[in-house]
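Peer 1:
Residue numbers (the numbering used here), protein chains in the order written: chain R, 20 to 314; chain Z, 1397 to 1576.
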C-alpha cells in the first residue's frame, strides 16, 4: 500500500527511537549505511527519525523492506555531491519545516505554507542525483518508484492527496458516508446533506415564525446553562422535528442516514422511514397545517 | 470538526441582535414575511461568524443583501461587522459552452478502450457532482479549484449544523413554553 505524501510528512514531525526491527531489516550492511546516513545528515535528527518509522506500518513490511534497501543505497550518492556541505546548512536552516534530503528539487508553488513544507517527504525514490541547491522557497519532493518525476505529475499527485484528505474530513462530518466509497458517491451524499440542512433551516424558521408571532425571544429569561440543556435535546423532541421535516413537501431525498441528527448512530435509513411515519401521525400538526394552508 | 458550544452561543447572540432590529417592523406582517426575516437574520448571523475569512460567508452576505439591502446593512451595523458587506468576491468562472462542446467532440474522436471509457465515465460523474456541489454551496461558482471548494464545503456544513442546532433548540424552548 502506498503511503500518501501527507502521511509521510507527519512522520517527519514525530521523533521516536529506533526500533530493533528496523535494524534487523537493514541488516548489518544497513547499519553501516545508517551510520553513514547519520553522518551525512549531521545532527538533523528530524529526517533520520523519519526513516525509523517504516516498521510502524506492519503489514507493509515487504514493500518497505525492498524500498528501504533502495533508499539506503541512494543515500550514498548525495555524499559525493560537491554541494553537500551547503545541503547540510540548508537543511539545518529548514529544520523546523521538517524537510528531507534533496533528491530532486522542484519549484512547486504551494497554496499554503504548512502544506508546502510538508511536501518534502522521505521515501523510496528512484530519482537522479540532486541538482544545484536552490533557495529555501522551493519544495523538495521525492518521487515514488515507477512514477514520473516531472513537475506536472508531482503537482498533480500533491493536489490529489490534498483532495483526498479533505474528503476524509468531510466523511467524518457527514453522516452515512462511511458506507459509500469513491468520490462520486461521497459527493452525492455531501450534496444531499447540505441540501437537507438548508431545508431544515427553512422549515425551522417557518415553524418559529408560526409559533412565535411576536418574534419575542424569552431566551433572555433562560440562563445560559438551561439553554445548553436545550442544545443537547432529548431524542423525542428531536424526532418530532424530524418528522415534521419529513412531511415537508420540498423534501425529495433518497436514502439518507439521519442517525447523527437523532443523536443515535444505529438508525438505518429504512427504519428511519417507518419511524417517521409513526411520529408524523401522532404529531402536533397545527404548525404544519398552517404552513400548508398558506401555500 | 463538530460545532462547539461557543459557536452556538455566538450565533445565538448575533441572531438575537438581528431579530431585534426586525421587531419594530413585525406587527402586521404575514407568516412569509416573518419567516423571511427570521431566515435572513439567521443567515447573516451564520455568515458573520466567520468574519469574512471564507468565501461562502461573503457570498451569502452578498446574496442576502441583494434581497433586502437595507435590513442587512442594519443588521451588520448591529453586529458591528459593517465591513463584511463591502468585501470583494473573486470573479465568477464562466465556461463558454461552444468551446467546451467543441473540445469534447475532438476528444471523443480518439478511440478508447473499455477501461479508459470506464475511467472517463467516472471522471464525468465526479465532475457533474462537483458542479452540483458548487450550485448548492453559496459562492461555489466563484471557487476556482476543487480543494478550495471542499474546504469551503466543510466549513459551511459545520456552520449550518450550528445554525440548525440553535434554531431547533429555540423552537423546542418555544414549544415547551406554549405547552406549559
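Note that the Cβ used here is the ideal one computed from N, Cα and C, for glycine as well.
Mind listing the chain Z neighbours of residue 199 of chain R? Cutoff is C-beta to C-beta under 7 Å, in chain order.
Peer 2: As a working mapping, residue 199 of chain R is identified with position 180 in the first chain. Near residue 199 of chain R there are no residues of chain Z at all, since even the closest Cβ is about 12 Å away, more than 7 Å.
Peer 1: With DSSP run on the structure shown, which of helix, strand or coil describes residue 1411 of chain Z?
Peer 2: Position 15 of the second chain, counted from the start, is the residue given in the question as residue 1411 of chain Z. Reduced to three states, the DSSP call for residue 1411 of chain Z is helix.
Peer 1: With distances taken between CB atoms, is the gap from residue 1437 of chain Z to residue 1471 of chain Z smaller than 8 Å?
Peer 2: Looking up residue 1437 of chain Z in the second chain gives position 41. Looking up residue 1471 of chain Z in the second chain gives position 75. Taking 8 Å as the Cβ cut-off, residue 1437 of chain Z and residue 1471 of chain Z qualify as a contacting pair.
Peer 1: Name, please, each residue of chain Z whose Cβ falls closer than 9 Å to the Cβ of residue 174 of chain R.
Peer 2: As a working mapping, residue 174 of chain R is identified with position 155 in the first chain. Within chain Z, no residue comes near residue 174 of chain R; the closest Cβ sits about 12 Å away, beyond 9 Å.
Peer 1: Determine, using beta carbons only, whether residue 169 of chain R comes closer than 8 Å to chain C.
Peer 2: Within the model displayed, chain C is absent; protein chains R and Z are what it includes.
Peer 1: Taking DSSP as the reference, what is the three-state secondary structure of residue 1498 of chain Z?
Peer 2: Here residue 1498 of chain Z is taken as the residue at index 102 of the second chain, counted from 1. Helix, per DSSP.
Peer 1: Nearest to residue 221 of chain R by CA position, among Z:1549, Z:1429, Z:1401 and Z:1414, is which residue?
Peer 2: In the first chain, counting from the first residue as 1, residue 221 of chain R sits at position 202. Selected option, being the one with the closest Cα: Z:1429.
Peer 1: Spell out whether any CB of chain Z is found under 8 Å from the CB atom of residue 180 of chain R.
Peer 2: In the first chain, residue 180 of chain R corresponds to position 161, counting from 1. So, not an interface residue.
Peer 1: Out of Z:1439, Z:1399, Z:1536 and Z:1467, which has the shortest C-alpha to C-alpha gap to residue 1417 of chain Z?
Peer 2: Residue mapping note: residue 1417 of chain Z aligns to position 21 of the second chain, counting from 1. Comparing Cα-Cα distances from residue 1417 of chain Z to each of Z:1439, Z:1399, Z:1536 and Z:1467, the minimum goes to Z:1467.
Peer 1: Following the continuous alpha helix (DSSP H) through residue 1435 of chain Z, name the residue where it begins and the one where it ends.
Peer 2: Walking along the second chain from the start, residue 1435 of chain Z turns up at place 39. 1427 to 1444 is the span of the alpha helix (DSSP H), which, as asked, contains residue 1435 of chain Z.
Peer 1: For a quick check, are the C-beta atoms of residue 1406 of chain Z and residue 1445 of chain Z less than 8 Å apart?
Peer 2: Walking along the second chain from the start, residue 1406 of chain Z turns up at place 10. Walking along the second chain from the start, residue 1445 of chain Z turns up at place 49. Contact: yes.
Peer 1: Identify the contact partners of residue 226 of chain R in chain Z, using a Cβ-Cβ distance below 8 Å as the criterion.
Peer 2: Looking up residue 226 of chain R in the first chain gives position 207. Here the neighbours are 1567.
Peer 1: May I ask which residues mark the beginning and end of the alpha helix (DSSP H) holding residue 202 of chain R?
Peer 2: Translated into the one-based positions of the first chain, residue 202 of chain R becomes position 183. Note, residue 202 of chain R: alpha helix (DSSP H), 202 to 230.
Peer 1: Say whether the region 197 to 204 of chain R touches the region 1537 to 1555 of chain Z, bearing in mind that this needs 3 or more beta-carbon pairs closer than 8 Å, one atom from each stretch.
Peer 2: Too few Cβ pairs lie closer than 8 Å, so no.
Peer 1: Of all Cβ atoms in chain R, is any one closer than 8 Å to the Cβ of residue 1455 of chain Z?
Peer 2: Within the second chain, the letter at position 59 stands for residue 1455 of chain Z. By this cut-off, residue 1455 of chain Z is not an interface position.
Peer 1: Residue 1426 of chain Z to residue 224 of chain R, Cα distance in whole Å?
Peer 2: On the second chain, position 30 is the one that residue 1426 of chain Z refers to. On the first chain, position 205 is the one that residue 224 of chain R refers to. In a straight line, the C-alpha of residue 1426 of chain Z is about 14 Å away from that of residue 224 of chain R.
Peer 1: Quick check: does the Cβ of residue 1517 of chain Z come within less than 7 Å of any heavy atom belonging to the ligand ADP?
Peer 2: Among the ligands in the structure shown, none appear at all, so the ligand ADP cannot be discussed.
Peer 1: Using a beta-carbon distance below 8 Å, is residue 196 of chain R in contact with chain Z?
Peer 2: Numbered from its first residue, the first chain carries residue 196 of chain R at position 177. Chain Z contact via Cβ: absent.
Peer 1: Could you pull out every residue in the same chain whose Cβ sits closer than 8 Å to the Cβ of residue 1545 of chain Z, ignoring the five residues on either side in sequence?
Peer 2: In the second chain, residue 1545 of chain Z corresponds to position 149, counting from 1. The answer, listed in chain order, is 1526, 1529, 1530, 1533, 1536 and 1539.
Peer 1: Tell me, please, whether the CB atom of residue 203 of chain R is closer than 8 Å to any CB atom in chain Z?
Peer 2: Looking up residue 203 of chain R in the first chain gives position 184. True, the Cβ-Cβ gap to chain Z drops below 8 Å.
Peer 1: Spatial neighbours of residue 1549 of chain Z within its chain, please: CB distance less than 7 Å, with the 5 preceding and 5 following residues excluded, ordered by chain position.
Peer 2: As a working note, residue 1549 of chain Z is residue 153 in the second chain. Closer than 7 Å at Cβ, skipping near neighbours: 1529 and 1533.
Peer 1: With DSSP run on the structure shown, which of helix, strand or coil describes residue 1398 of chain Z?
Peer 2: Residue 1398 of chain Z sits at position 2 when you count from the first residue of the second chain. Residue 1398 of chain Z: coil per DSSP, three-state reduction.
Peer 1: Along the region 206 to 222 of chain R, where does the CB come closer than 8 Å to a CB of chain Z? Name the residues.
Peer 2: Residues passing the 8 Å Cβ filter: 206, 207, 209, 210, 212, 213, 214, 216, 217, 219, 220 and 221.
Peer 1: Give a yes or no on whether 8 Å exceeds the smallest Cβ distance from residue 1563 of chain Z to chain R.
Peer 2: If you number the second chain from 1, residue 1563 of chain Z lands on position 167. Cβ-Cβ to chain R under 8 Å: yes for residue 1563 of chain Z.
Peer 1: Within a Cβ cutoff of 7 Å, which residues of the same chain sit near residue 1439 of chain Z, ignoring the five residues on either side of it in sequence?
Peer 2: Residue numbering aside, residue 1439 of chain Z sits at position 43 when the second chain is read from its first letter. Excluding positions up to five away in sequence, the list reads 1456 and 1460.
Peer 1: Between which two residues does the alpha helix (DSSP H) carrying residue 1449 of chain Z extend?
Peer 2: Looking up residue 1449 of chain Z in the second chain gives position 53. Counting along the chain, residue 1449 of chain Z falls outside any alpha helix (DSSP H), and DSSP gives it neither H nor E.
Peer 1: Just checking my contact of residue 1543 of chain Z with residue 182 of chain R at CB under 8 Å: how many whole Å lie between their CB atoms?
Peer 2: Working through the second chain from its first residue, we reach residue 1543 of chain Z at position 147. Working through the first chain from its first residue, we reach residue 182 of chain R at position 163. The pair is a contact, with the Cβ atoms about 6 Å apart (cut-off 8 Å).
Peer 1: Residue 1518 of chain Z to residue 217 of chain R, Cα distance in whole Å?
Peer 2: In the second chain, the residue the question calls residue 1518 of chain Z occupies position 122. In the first chain, the residue the question calls residue 217 of chain R occupies position 198. Their backbone Cα atoms lie some 28 Å apart in a straight line.
Peer 1: Which residue comes first and which comes last in the alpha helix (DSSP H) that contains residue 1491 of chain Z?
Peer 2: Translated into the one-based positions of the second chain, residue 1491 of chain Z becomes position 95. From DSSP, residue 1491 of chain Z is part of no alpha helix (DSSP H); its letter is neither H nor E.
Peer 1: I want to verify the contact list: residues of chain R whose CB lies under 9 Å from the CB of residue 1515 of chain Z, in sequence order.
Peer 2: By one-based count along the second chain, residue 1515 of chain Z stands at place 119. Residues of chain R passing the Cβ test: none, with the nearest at roughly 12 Å.
Peer 1: Of all the CB atoms in chain Z, is at least one closer than 8 Å to the CB of residue 187 of chain R?
Peer 2: Mapped onto the first chain, residue 187 of chain R falls at position 168. Not one chain Z Cβ lies under 8 Å of residue 187 of chain R.
Peer 1: Is residue 1576 of chain Z helix, strand or coil when you go by DSSP?
Peer 2: Here residue 1576 of chain Z refers to the residue found at position 180 of the second chain. Coil, per DSSP.
Peer 1: Look at the Cβ atom of residue 226 of chain R, then the Cβ atom of residue 1562 of chain Z, and state whether they are nearer than 8 Å.
Peer 2: On the first chain, residue 226 of chain R is found 207 positions in, with the first residue counted as 1. On the second chain, residue 1562 of chain Z is found 166 positions in, with the first residue counted as 1. Cβ atoms of residue 226 of chain R and residue 1562 of chain Z: not closer than 8 Å.
Peer 1: Is it buried or exposed, residue 106 of chain R, if we count other Cβ atoms within 10 angstroms and call 16 or more buried?
Peer 2: Numbered from 1 along the first chain, position 87 holds the residue referred to as residue 106 of chain R. Only weak support exists for where residue 106 of chain R lies, its pLDDT of 40 falling under 50; the value from the coordinates is given anyway. By the 10 Å Cβ count, residue 106 of chain R comes out buried.
Peer 1: Mind pulling the chain R residues with CB within less than 8 Å of residue 1543 of chain Z?
Peer 2: Along the second chain, one-based indexing puts residue 1543 of chain Z at 147. Per Cβ cutoff of 8 Å: 130, 178, 181, 182 and 185.
Peer 1: Could you spell out the range, first to last residue, of the alpha helix (DSSP H) harbouring residue 1526 of chain Z?
Peer 2: Within the second chain, the letter at position 130 stands for residue 1526 of chain Z. Element bounds for residue 1526 of chain Z: 1510 to 1532.
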